[in-house]
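Report on the following structure.
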Amino acid sequence: MGIRKARSTHSSYLNDGDTLSCEGSILEFLEESVPLSFILFFSFTLILFLSLSLLLLTFLISLFIYYMGKG
């Protein structure tokens, strides 16, 4: 009986219109605490760093294959 009453109170609370809604997105939250220009700069720098690292890794692997095949 107590459980049933707690459930009905809980469901009436949820149907009250006071539910948790995801009105703001994560980007809006970040814009309030961190400027958008910093986010863009950081993401651009990260992508540039990762692409240059991949290029260097590819070059080193090709050098390794070249010298191993040479002799």
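If you're matching positions, the sequence shown starts at 1 in our numbering and goes up one per residue.
C-beta atoms are modelled at their ideal positions from N, C-alpha and C, and glycine is treated no differently.
Query, Result
"How far does the alpha helix (DSSP H) with S37 in it extend, from its first residue to its last?", "L36 to K70"
"Going by DSSP in three states, S33 sits in which element: helix, strand or coil?", "helix"
"In whole angstroms, what separates the C-alpha of S43 from that of L54?", "16 angstroms"
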